[in-house]
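Residue numbers (the numbering used here): 64 to 312. Encoded as structure tokens, the structure appears first; notes follow it.
Spelled out as structure tokens, the structure:
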């Protein structure tokens with residue numbers, strides 16, 4: 064079944080879909096932004112591997128040193144996303160993708176693999192219960208319950224950056240940090256902008272567009288982070304209803 068999968072490269076990136084939002088005709092701005100972002104990341108060892116089919120079945124990971132997350136550690140891989148949906152669930156594809164990542168880490172003599180989790184599973188984070196079946200365990204935690212999960216091959220452990228554990232900023236207005244790593248980010252940013260204009264609520268949208276900015280963020284981050292009232296709220300993308308509830312608090 065291995066030949067059913069393919070890995071994106073600079074050569075095939077323009078002609079392959081990137082799973083999350085599949086368009087056959089009209090381009091999607093979030094997908095195209097992700098494609099631009101991904102082209103640069105592939106040169107840094109970033110891996111995007113997917114089922115060779117029209118569906119959402121993929122894993123995306125990178126060397127921790129160049130992963131756009133405020134996590135410190137040497138010689139690890141960081142999993143941004145492992146996602147299987149719809150008719151493809153229950154067929155062992157998630158297992159094959161995870162095992163590919165772990166085998167790749169061992170072949171590259173990495174110290175282990177890590178990913179973001181939480182005490183309570185978050186909608187926009189990979190299934191941590193699934194990862195725990197492979198031996199991933201909590202190696203660091205924030206005061207509000209976000210977890211760094213890791214599978215260590217040599218006993219070393221990555222950690223959240225000290226800055227990531229602050230989970231607070233001075234501005235009190237709605238503040239969102241975001242990157243182009245996820246194709247859904249573009250429409251989420253536009254939704255926030257439109258909703259805040261309708262409610263006449265101030266907001267600040269901060270693009271995380273360099274590795275340095277990502278590593279120095281004042282919160283946990285996978286590609287999106289929301290603050291309100293100076294406090295960190297969530298890594299989940301917000302729909303209009305959730306955003307309006309937040310702004311009424």
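Glycine included, every Cβ here is placed at the ideal spot set by N, Cα and C. A quick note: this is a predicted structure, and the numbers were derived from the prediction, not measured.
- Approximately 7 angstroms separates the beta-carbon atoms of residue 298 and residue 188; this is inside 8 angstroms, confirming the contact.
- Cα atoms of residue 68 and residue 227: separation of roughly 35 angstroms, rounded to the nearest angstrom.
- Check the Cα spacing between residue 306 and each of 116, 256 and 105: the tightest is with 256.
- Burial state of residue 201 is exposed, judged by a 10 Å Cβ sphere holding fewer than 16 other Cβ atoms.
- Excluding sequence positions up to five before and after residue 145, its CB lies within less than 7 angstroms of the CB of 122, 157, 160, 161 and 189, all in the same chain and listed in chain order.
- Between residue 280 and residue 126, the gap from beta carbon to beta carbon reaches 7 angstroms or more.
- Exclusion of the five residues before and after residue 251 leaves 241, 287, 300 and 301 as the residues of its chain whose Cβ lies within less than 8 angstroms of its Cβ.
- For residue 275, the closest alpha carbon among the candidates 130, 239 and 309 is that of 130.
- Per DSSP, the beta-bridge partners of residue 135 are 222.
- For residue 309, no beta strand (DSSP E) encloses it; the enclosing alpha helix (DSSP H) starts and ends at 303–310.
- Residue 270 is positioned such that its CB atom lies no closer than 7 angstroms to that of residue 84.
- The C-beta of residue 184 has fewer than 16 other C-beta atoms within 10 Å across all chains shown, which makes the residue exposed.
- With contacts defined by Cβ atoms closer than 7 angstroms, residue 140 and residue 168 form a contacting pair.
- Between the alpha carbons of residue 312 and residue 120 lies a distance of about 37 angstroms.
- Shown here for residue 221: same chain residues with a beta carbon closer than 7 angstroms to its own, the five before and five after excluded, namely 127, 134, 135, 136, 139, 177, 202, 211 and 213 in chain order.
- In this chain, the alpha helix (DSSP H) harbouring residue 160 covers 156–170.
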